[in-house]
Every structure is written in structure tokens, then in C-alpha cells.
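J.: With UniProt numbering applied, the sequence shown corresponds to residues 1 to 681, in that order. Heads up, the beta-carbon is just placed ideally off N, CA and C, and yes, glycines get one too. Since this is a predicted model, take the numbers as computed values, not measurements.
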Amino acid sequence: MAPPLQAQETAFELPAIVVQSRRFEEARNRIAPSLGASLYELDRAAITALPQGEAARLSDVLLQAPGVVQEAFGDLHVRGDHRNLQYRVNGVLLPEAISGFSQLFDARALRGVSLITGALPAQFGYRTAGIVDMTLRSGAEDRGGSASLYGGSFGTVQPGASYGGMLGPVEVFGAVSGLRSERGFENPTRGPVALHNETLQGRGLIHAALPLDDRTRLSLIAGSVVARYQVPNTPGLVPEFTAFGRSDFDSAALRAKQLQRSSFLILAGQHALGEADLQLSAFLRSSSVRYRPDGVGDVLFDGAASYVRRESLSFGTQADAAWRIAARHTLRGGLFLSQDTTRNATDSTVLPLDGAGGTVNAPFGISERGQARQQLFGLYLQDEWRLAEALTLNAGARFDSVSGIIEASQLSPRANLVWSPDEATTISFGYARYFTPPPAELLGPVDIRRYLGTTLQPATLRADPVRAERSHYFNLGLRHRVSESLTLGAEAYARAVEDMQDLGQFGRAYIFSPYNYRRGRVYGLELTADWRDGPWRLYGNLAIARSEGRGLVSNQYFWSAEELAQVERKWVRTDHDQLLTGSAGGAFEAWEGGTLSASLIYGSGMRKGFANSEVTTPYVTLNLGLAQRFTLPDGGAWTARLDLLNLFDRAYLLRDGTGIGVGAPQYGMRRGIFAGLSREI
Numbered sequence: 001m002a003p004p005l006q007a008q009e010t011a012f013e014l015p016a017i018v019v020q021s022r023r024f025e026e027a028r029n030r031i032a033p034s035l036g037a038s039l040y041e042l043d044r045a046a047i048t049a050l051p052q053g054e055a056a057r058l059s060d061v062l063l064q065a066p067g068v069v070q071e072a073f074g075d076l077h078v079r080g081d082h083r084n085l086q087y088r089v090n091g092v093l094l095p096e097a098i099s100g101f102s103q104l105f106d107a108r109a110l111r112g113v114s115l116i117t118g119a120l121p122a123q124f125g126y127r128t129a130g131i132v133d134m135t136l137r138s139g140a141e142d143r144g145g146s147a148s149l150y151g152g153s154f155g156t157v158q159p160g161a162s163y164g165g166m167l168g169p170v171e172v173f174g175a176v177s178g179l180r181s182e183r184g185f186e187n188p189t190r191g192p193v194a195l196h197n198e199t200l201q202g203r204g205l206i207h208a209a210l211p212l213d214d215r216t217r218l219s220l221i222a223g224s225v226v227a228r229y230q231v232p233n234t235p236g237l238v239p240e241f242t243a244f245g246r247s248d249f250d251s252a253a254l255r256a257k258q259l260q261r262s263s264f265l266i267l268a269g270q271h272a273l274g275e276a277d278l279q280l281s282a283f284l285r286s287s288s289v290r291y292r293p294d295g296v297g298d299v300l301f302d303g304a305a306s307y308v309r310r311e312s313l314s315f316g317t318q319a320d321a322a323w324r325i326a327a328r329h330t331l332r333g334g335l336f337l338s339q340d341t342t343r344n345a346t347d348s349t350v351l352p353l354d355g356a357g358g359t360v361n362a363p364f365g366i367s368e369r370g371q372a373r374q375q376l377f378g379l380y381l382q383d384e385w386r387l388a389e390a391l392t393l394n395a396g397a398r399f400d401s402v403s404g405i406i407e408a409s410q411l412s413p414r415a416n417l418v419w420s421p422d423e424a425t426t427i428s429f430g431y432a433r434y435f436t437p438p439p440a441e442l443l444g445p446v447d448i449r450r451y452l453g454t455t456l457q458p459a460t461l462r463a464d465p466v467r468a469e470r471s472h473y474f475n476l477g478l479r480h481r482v483s484e485s486l487t488l489g490a491e492a493y494a495r496a497v498e499d500m501q502d503l504g505q506f507g508r509a510y511i512f513s514p515y516n517y518r519r520g521r522v523y524g525l526e527l528t529a530d531w532r533d534g535p536w537r538l539y540g541n542l543a544i545a546r547s548e549g550r551g552l553v554s555n556q557y558f559w560s561a562e563e564l565a566q567v568e569r570k571w572v573r574t575d576h577d578q579l580l581t582g583s584a585g586g587a588f589e590a591w592e593g594g595t596l597s598a599s600l601i602y603g604s605g606m607r608k609g610f611a612n613s614e615v616t617t618p619y620v621t622l623n624l625g626l627a628q629r630f631t632l633p634d635g636g637a638w639t640a641r642l643d644l645l646n647l648f649d650r651a652y653l654l655r656d657g658t659g660i661g662v663g664a665p666q667y668g669m670r671r672g673i674f675a676g677l678s679r680e681i
């Protein structure tokens with residue numbers, strides 16, 4: 001894949017502590033290379049050059065990569081998968097939070113981010129649609145700090161600050177930011193501003209590293225986010241039920257809310273031992289979501305109001321090693337152990353059904369409590385074998401097992417062959433056998449019998465447990481440097497799946513639930529172009545994809561009997577299937593200290609309608625940015641920026657509220673004007 005332009009390095013003698021820090025970074029990269037997989041990189045210069053700069057969410061940055069489909073609430077679909085992303089921070093796997101990690105990281109703390117897809121080497125397991133590999137800024141190389149204020153349309157106010165430096169031998173970098181906005185969730189209407197949609201958020205991250213000697217380093221990384229959301233309303237709806245002696249309610253006055261928390265802690269140690277590099281890490285991740293309904297209003301409109309609480313705690317350890325056993329062989333191996341415990345509590349107010357299928361105005365409560373515990377174990381070994389000067393084979397296998405709510409295991413062979421017939425061309429072919437356990441943070445038992453004879457009685461009285469997904473993945477890639485300025489790339493992939501996993505939002509709470517298709521097939525093509533010449537940086541990506549499944553074999557109570565029958569007898573598109581996805585953009589250093597930038601996102605539309613048989617309207621959004629660096633008489637270095645998002649003010653649907661696993665209409669953001677000012681400290 002063609003990455004954006006790397007920042008030019010100035011030739012000067014680096015301080016000893018910076019040289020040492022870079023040596024540890026290079027050693028960590030040798031442990032987990034992406035040889036043979038599809039790699040799309042954005043360094044800090046490329047990230048800050050995008051519209052919004054360091055105020056952008058991680059998901060907004062990743063939308064510039066090929067094959068990444070925009071979803072509501074910052075979620076992403078990569079190569080026909082729903083979520084199924086593995087987040088790695090400085091080489092350490094981090095289990096995903098209930099609400100995803102796109103809300104936890106913003107660009108402020110990132111030195112760079114890579115999206116790794118395709119036939120992944122053996123060290124990558126469990127979440128296999130893509131690896132979001134983040135490298136954090138460090139106190140050794142990112143000394144000093146900055147304070148900023150960013151805001152504009154939709155009542156947006158986003159303060160932030162960061163600082164890096166040395167505390168004796170310890171290098172430290174920290175970043176904090178806040179957000180207040182009237183656009184928390186996606187708008188369920190076409191209008192520019194949704195009713196009752198305010199969000200308040202705060203996030204922080206710290207990275208500290210202590211070198212014990214020239215060959216050993218200890219690192220600590222911790223981060224946390226707290227986000228409060230109002231759930232947006234659709235005016236003009238008419239209640240369908242009578243309860244509490246009422247049959248009327250203004251839908252614009254509903255007051256549902258959601259609170260989300262996510263935190264993580266990583267402790268890692270690196271050691272160089274002759275020709276071997278080692279890293280041992282331990283991690284802890286806590287995540288929770290609480291949805292509070294409008295007790296009366298939700299019952300009148302939906303026939304039920306459910307207070308939902310979900311808490312997930314995950315901890316584990318990871319060990320990785322790379323050993324250069326010969327000039328042509330590098331052996332890599334490692335293991336992974338984790339345990340995830342998810343607790344669920346639901347308190348629902350429902351209406352009883354009469355003998356004719358109508359409701360009785362006698363609301364009562366149903367409480368359900370559950371716990372899901374899941375353990376993961378993984379072990380891998382692989383050999384990077386240089387068969388010839390221009391030909392490298394990376395072959396290996398991993399064994400994974402999951403126990404707890406389900407019991408399953410698999411031995412998964414992996415192989416990538418990379419050929420460089422000349423300095424300008426690279427051709428790769430890869431195969432991977434994947435094993436994907438269900439997302440533990442989203443699991444929870446359900447007792448359908450509790451809801452029989454009530455407004456929460458499902459149409460289908462069956463809830464088979466979620467299964468582990470197994471697949472065969474093939475990837476063929478070509479990258480060619482046409483000239484010093486232009487690089488082109490193409491990637492073709494295909495995936496044959498057994499028990500294909502998908503996610504859906506069922507109910508008003510913004511929490512996903514997993515389910516399985518008996519069989520799945522996913523295939524596509526990605527085209528990339530990158531052009532760099534002097535002050536210009538331009539890129540473009542186009543992805544063609546198809547994702548479909550057949551036969552629903554878990555959590556069938558989410559669907560009607562008609563939908564189940566339709567999916568049983570024919571292949572249907574998954575709800576997140578999008579035929580064409582495009583991204584493009586660039587940056588131009590127009591004058592000294594001034595940068596003009598643009599980014600474009602195109603989508604042909606995801607699925608809607610009965611059994612996902614229809615498609616939403618295509619859309620395109622164009623964002624523009626202007627950033628200017630300047631120095632005031634006091635010697636302070638300042639940056640001012642102006643961003644215009646969705647230039648043409650296109651009202652476009654991400655979801656229309658129909659289709660399998662789609663909870664409500666969701667429109668993309670209308671035109672917004674934002675400005676910011678930051679000062680380096």
C-alpha cells in the first residue's frame with residue numbers, strides 16, 4: 001500500500017537518550033513485522049496535515065486507509081468485517097472495549113498509526129479483519145508540550161494539552177483532552193442538529209519508559225476515557241402503546257442517556273540478548289456502558305423500557321521474541337493468555353399481552369442478571385526465510401483455544417511469499433487460516449422464557465450460543481513505484497468462512513450483540529495511488545468489496561421467521577456490505593508555515609430493507625483544512641487552523657433503521673466549520 005509522505009529528517013547529531021530510545025523502538029519492530037501483509041501507514045506529519053489535525057478521532061484517521069467503511073458512532077468496517085479489529089499499542093495487544101476504542105484515542109498522542117490487513121503473519125490472532133498498530137509519542141523524542149483549543153459548529157468545544165520530557169532517566173509523554181458537543185450520536189433526522197444529542201467527554205493517556213541498561217527497558221502505558229451521551233430524538237412520532245394511564249407523549253421530549261467508560265494499563269519489558277529481542281507485557285482493560293431509558297416515553301413508543309448495564313474486565317499477558325538464528329533465517333515466537341469477565345444487568349419495564357396479541361395497560365418489571373467468562377490462549381511460531389536476494393518466505397502457524405462460554409480451538413497455518421523482481425516492484429501472495437472467538441465484551445446469556453407473554457417476547461423463540469468463526473484467507477498484492485513521485489498498488493483478497501460473525505444493534509441502547517451466519521464469503525479488490533513532489537502530498541484509494549452470508553445459527557431471536565427463512569434458502573448481503581468505498585486527499589505546503597489540506601470519503605451505501613435486500617443512497621463528503629504556523633514577539637510558536645467539514649452540506653444516510661441488526665436511522669454529519677489555536681510550550 002502507498003503510505004502518505006514521511007516527514008523529512010534533518011541531518012544533525014542526536015542526543016544519546018534519543019539514539020537509545022530509537023534503538024528500542026527498532027528492536028520492538030523487529031519482533032512483530034508485517035511481512036507479506038497489506039500495510040498502510042500514516043506518520044505524525046501525515047496525521048497532523050489532515051483536516052482537524054490532532055483533534056481528529058482515531059476512526060477519522062483510519063477512514064483514509066483503503067477498504068475502510070464508515071459506520072455510525074465511530075465504528076469501522078474493514079474488508080467486509082464488522083469491527084473485528086485488533087488494537088495494538090507499542091506492540092502490545094489490547095482487548096477491545098464494549099464501545100470500541102475509536103473513542104479513546106485521538107491523534108494528539110500518536111506518533112504514527114498503521115492499518116495491517118490481508119493474510120496476517122502468525123503472531124496476529126483473534127481479531128483478524130485488521131490490526132490497528134499505534135505508536136505513541138515519547139518523552140525522549142517529543143520534548144516540550146502544547147496547549148490547544150478547538151471548536152466550532154454544533155456547539156463543539158475541544159480543549160487539549162500534551163507534554164513530553166525527561167524526569168531523570170525516565171522519558172514521559174502525556175496527553176489530555178476534553179469535548180463538549182451537541183452532536184454525540186448520529187442524527188436520526190436529516191436536519192443539521194439533532195434534538196437531545198449533547199455529549200461531554202474527557203480522555204487522558206500517559207506513556208513512560210525507563211531504560212535499566214543499554215539492553216533493557218521498562219515501559220508503562222495507561223489511558224482512560226469517560227463519555228456521557230444524550231440519546232437523540234426524532235420529533236413527530238406517535239406512541240403505539242398505552243401505559244401508566246397515558247397514550248400521548250411528545251417524542252421530542254424523550255430523555256434517554258448513555259454513559260461509557262474505558263480504561264487500560266500496560267506494563268512491558270524489553271530486553272536484547274545477543275541476536276534475540278524479547279518483549280514481555282501484562283495488560284489490564286476495564287470497560288462499561290450504562291443506558292438509562294426514558295421510563296415512561298420508551299414504554300409508550302416501544303412497549304418496553306430497559307435500563308442496561310454492562311461491565312467488562314480483561315487482563316492477561318503477552319510474550320514475543322525474535323531470534324536471528326542465521327543470515328537467512330529469523331525465528332519468531334510467542335504466547336498470549338487472557339481472561340475476560342463480562343457482567344450484564346437489564347431491568348425492563350414491559351406490558352403484558354392479552355389473548356388476542358394486544359397489550360394490557362398494566363406495566364411491570366423484569367430483571368435479568370448474567371455473567372460471561374472467557375479465557376484465551378494462543379501460541380505461535382514462524383520463520384522468516386530469505387530464499388533468495390529478492391524472494392522471502394514468512395511461514396508459520398499458531399494454536400489458539402477459547403474456553404468459558406464456548407469451548408473451541410484451532411491450529412492455523414500461515415504463509416506469505418514476497419518477491420521483489422526489481423527495486424521498484426513488490427509482489428506478495430499470502431494464505432492464512434483464521435480463528436476468531438466471539439467478542440467476550442459483548443457476550444451475555446439471555447433467558448427468553450422471562451419475556452414470554454410480554455411486549456419483549458421475540459418473534460423467534462430460539463437463542464443458540466454464539467460460535468467461534470473459522471476462515472480461509474487468500475491475499476495477492478502488487479506495489480510498483482512508477483517514478484520518484486508516483487507509487488501505485490493493488491490488492492485482491494478472498495475469504496471463505498464457517499460460522500461467520502456479525503454484530504447488530506438491537507434496541508435503543510448503543511450496544512452491539514454478536515450472531516453467526518452458518519457460512520460466509522467475502523472478496524474484494526483495493527487500488528491505491530500515492531504522489532509526492534516537493535511540497536505536494538496526494539493520495540487516493542478505491543475498494544470494491546462484497547460480503548454475504550447464509551443461514552443464521554446463533555441468537556436467532558433477533559429476527560422474524562420470514563427473515564430466518566430468507567437467509568436459510570439464499571445468500572444475503574451483510575448489513576455492512578458496501579460495494580464501492582473510496583478515500584482521497586492531500587496536503588500542500590503553500591507558503592512558509594502554511595499548509596492547505598483536503599480529504600474525501602465516498603461510499604456507495606450499506607444495506608437496508610428486508611434481509612438486507614436493498615442499498616442506501618451513495619454519498620460523498622469533502623473536507624478542507626488550513627493550518628498556519630507563526631511565532632509571536634514573545635518567542636512562542638503558535639499554530640492556527642481552520643477546517644470545513646462536509647463542504648457541500650450533503651445530508652446522507654449511513655443507516656435508515658431497517659435491515660438485519662440496524663436499530664435506528666443514522667445520518668452523517670452536516671456541514672461544520674471549526675477553528676483551533678495551539679501554542680507550543
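Taking DSSP as the reference, what is the three-state secondary structure of ILE47?
T.: On the sequence shown, position 47 is the one that residue 47 refers to. Looking at ILE47 - three-state DSSP - the assignment turns out to be helix.
J.: What three-state label does DSSP hand ASN475 in the structure shown?
T.: To locate residue 475, count along the sequence shown from 1; it is residue 475. Strand at ASN475.
J.: Judging by CA-CA distance, which residue of VAL466, ALA276, LEU259 and PHE301 is the nearest neighbour of TYR291?
T.: Locating residue 291 in the sequence shown gives position 291, where the first residue counts as 1. Measuring from the Cα of TYR291, the nearest candidate turns out to be LEU259.
J.: Rounded to the nearest angstrom, what separates ALA55 and GLY178 at their Cα positions?
T.: On the sequence shown, residue 55 is found 55 positions in, with the first residue counted as 1. On the sequence shown, residue 178 is found 178 positions in, with the first residue counted as 1. Each residue's Cα considered, the two are about 10 Å apart.
J.: Quick one: using the 10 Å Cβ neighbour count with 16 as the cut-off for buried, is LEU5 buried or exposed?
T.: For the purposes of this step, residue 5 is taken as the residue at position 5 of the sequence shown. Confidence at LEU5 is low in this model, with a pLDDT of 38, below 50, so its placement is unreliable and the value that follows should be read with caution. That one is buried.
J.: How far does the alpha helix (DSSP H) with LEU300 in it extend, from its first residue to its last?
T.: Indexing the sequence shown from 1 puts residue 300 at position 300. Segment 295-302, the alpha helix (DSSP H) holding LEU300.
J.: In whole angstroms, what is the alpha-carbon distance linking PRO188 and LEU653?
T.: Locating residue 188 in the sequence shown gives position 188, where the first residue counts as 1. Locating residue 653 in the sequence shown gives position 653, where the first residue counts as 1. C-alpha separation (whole angstroms): 9 Å.
J.: Buried or exposed, going by whether 16 or more other CB atoms sit within 10 Å of the CB of ARG573?
T.: Along the sequence shown, one-based indexing puts residue 573 at 573. Flag for ARG573 reads buried.
J.: Since LEU136 contacts ARG111 with CB under 8 Å, what's their CB separation in whole angstroms?
T.: Working through the sequence shown from its first residue, we reach residue 136 at position 136. Working through the sequence shown from its first residue, we reach residue 111 at position 111. Confirmed, about 6 Å.
J.: Please give the ranges of any beta strand (DSSP E) in the region 105-136, keeping only runs that are unbroken, at least 3 residues long and fully inside the region.
T.: For the region 105-136, whole beta strand (DSSP E) runs of length 3 or above, ordered along the chain, are 110-117 and 130-136.
J.: May I have the straight-line CA-CA distance separating GLY396 from ARG57, to the nearest angstrom?
T.: For the purposes of this step, residue 396 is identified with residue 396 of the sequence shown, where counting begins at 1. For the purposes of this step, residue 57 is identified with residue 57 of the sequence shown, where counting begins at 1. In a straight line, the C-alpha of GLY396 is about 35 Å away from that of ARG57.
J.: In the DSSP output, which residue or residues are listed as bridge partners for LEU486?
T.: Taking the first residue of the sequence shown as 1, we reach residue 486 at position 486. LEU486 pairs with TRP531.
J.: Tell me whether GLY269, by its Cβ, gets closer than 6 Å to a heavy atom of the ligand GDP.
T.: As for the ligand GDP, it is missing from this structure, which has no ligand bound.
J.: May I ask you to verify whether the region 334-347 touches the region 306-324, counting CB pairs closer than 8 Å and requiring at least 3?
T.: Touching, yes, given that three or more Cβ pairs across the two stretches are closer than 8 Å.
J.: Out of THR454, ALA268, TYR451 and LEU624, state which residue places its alpha-carbon closest to the alpha-carbon of LEU218.
T.: By one-based count along the sequence shown, residue 218 stands at place 218. Measuring from the Cα of LEU218, the nearest candidate turns out to be ALA268.
J.: Can you name the start and end residues of the beta strand (DSSP E) that LEU58 belongs to?
T.: Position 58 of the sequence shown, counted from the start, is the residue given in the question as residue 58. Taken as a continuous stretch (DSSP letters only), LEU58 belongs to no beta strand (DSSP E), being part of the alpha helix (DSSP H) at 58-62.
J.: Please list, in chain order, all residues of the same chain as GLY303 whose beta carbon is under 6 Å from its beta carbon, the five residues on each side excluded.
T.: Within the sequence shown, numbered from 1, the residue matching residue 303 stands at position 303. Hits under 6 Å: PHE241, LEU351 and THR455.
J.: Starting from the C-beta of GLY365, find all residues in its chain whose C-beta is less than 6 Å away, skip the five residues before and the five after it, and write them out in chain order.
T.: As a first step, residue 365 must be located in the sequence shown, where it is residue number 365. Taken in chain order, the residues that qualify are THR349.
J.: If you scan the region 408-462 from start to end, which runs of the alpha helix (DSSP H) of 4 or more residues do you find wholly inside it?
T.: List check, alpha helix (DSSP H) in window: nothing returned.
J.: Could you tell me which residues DSSP puts in a beta bridge with ASN555?
T.: Residue 555 sits at position 555 when you count from the first residue of the sequence shown. DSSP output for ASN555 lists no bridge partner at all.
J.: Tell me where the alpha helix (DSSP H) around ALA651 begins and ends.
T.: Indexing the sequence shown from 1 puts residue 651 at position 651. No alpha helix (DSSP H) holds ALA651; DSSP gives it neither H nor E.
J.: What's the C-alpha gap between LEU622 and PHE648?
T.: Within the sequence shown, numbered from 1, the residue matching residue 622 stands at position 622. Within the sequence shown, numbered from 1, the residue matching residue 648 stands at position 648. Going by the C-alpha atoms only, they are around 7 Å apart.
J.: Distance check for LEU104 and ALA175, CA to CA, integer angstroms please.
T.: On the sequence shown, position 175 is the one that residue 175 refers to. On the sequence shown, position 104 is the one that residue 104 refers to. Cα to Cα, ALA175 sits roughly 12 Å from LEU104.
J.: With MET134 and ARG88 assumed to form a contact (beta carbons below 8 Å), what rounded beta-carbon distance in angstroms separates them?
T.: Position 134 of the sequence shown holds residue 134. Position 88 of the sequence shown holds residue 88. Contact holds; Cβ gap of about 7 Å.
J.: Have a look at LYS257, GLY236, ARG261 and SER262 and flag the residue whose alpha-carbon is nearest the alpha-carbon of SER251.
T.: Taking the first residue of the sequence shown as 1, we reach residue 251 at position 251. Ranking the options by Cα distance to SER251, first place goes to GLY236.
J.: Cβ atoms of ARG343 and GLN371: under 7 Å apart, would you say?
T.: Here the question's residue 371 lines up with position 371 in the sequence shown. Here the question's residue 343 lines up with position 343 in the sequence shown. Taking 7 Å as the Cβ cut-off, GLN371 and ARG343 qualify as a contacting pair.
J.: Can you list, in chain order, the residues of its chain with a C-beta nearer than 6 Å to that of ARG629? Leave out the 5 residues immediately preceding and following it.
T.: Start at 1 with the first residue of the sequence shown, and residue 629 comes out as number 629. GLY593 and THR639.
J.: Within 10 Å of its beta-carbon, does GLU9 have 16 or more other beta-carbons around it, so buried, or fewer, so exposed?
T.: Counting from 1 along the sequence shown, the entry for residue 9 is found at position 9. Confidence at GLU9 is low in this model, with a pLDDT of 40, below 50, so the placement of that residue should be treated as unreliable; the coordinate-derived value is given next. With fewer than 16 other Cβ atoms within 10 Å, it is exposed.
J.: Across the region 467-477 and the region 558-571, are there enough close Cβ pairs to call them in contact, namely three or more that are closer than 8 Å?
T.: In short, these stretches do not touch, since the Cβ pair count stays below three.
J.: Compare the C-alpha of GLY164 against each of ASN416, ASP142, ASP75 and PRO465 and name the closest.
T.: Taking the first residue of the sequence shown as position 1, residue 164 is located at position 164. Comparing Cα positions, the closest option is ASP142.
J.: If LEU200 and ARG228 are in contact, beta carbons under 8 Å, what's the gap, nearest whole angstrom?
T.: Translated into positions along the sequence shown, residue 200 becomes position 200. Translated into positions along the sequence shown, residue 228 becomes position 228. At roughly 5 Å, the Cβ-Cβ gap stays under 8 Å, so LEU200 and ARG228 are in contact.
J.: Using a Cβ-Cβ cut-off of 7 Å (strictly less than) and excluding sequence neighbours within five positions of PHE185, which residues of its own chain qualify?
T.: On the sequence shown, position 185 is the one that residue 185 refers to. So the qualifying residues of the chain are PHE73, ASN197, TYR229, VAL231, PRO232 and TYR510.
J.: Determine the direct distance from the alpha carbon of LEU552 to that of ASP213, and round the result to whole angstroms.
T.: Reading the sequence shown from its first residue, position 213 is the one you call residue 213. Reading the sequence shown from its first residue, position 552 is the one you call residue 552. Their backbone Cα atoms lie some 56 Å apart in a straight line.
J.: Determine which residues share a DSSP beta bridge with PRO159 and list them.
T.: Here residue 159 is taken as the residue at index 159 of the sequence shown, counted from 1. Its beta-bridge partners are LEU149.
J.: Output yes or no for whether 7 Å exceeds the beta carbon distance between TYR517 and GLY549.
T.: The residue you call residue 517 lines up with position 517 of the sequence shown. The residue you call residue 549 lines up with position 549 of the sequence shown. Taking 7 Å as the Cβ cut-off, TYR517 and GLY549 qualify as a contacting pair.
J.: What are the boundary residues of the beta strand (DSSP E) that VAL69 is part of?
T.: Taking the first residue of the sequence shown as 1, we reach residue 69 at position 69. Looking at the DSSP string, the run of the beta strand (DSSP E) that includes VAL69 is 68-70.
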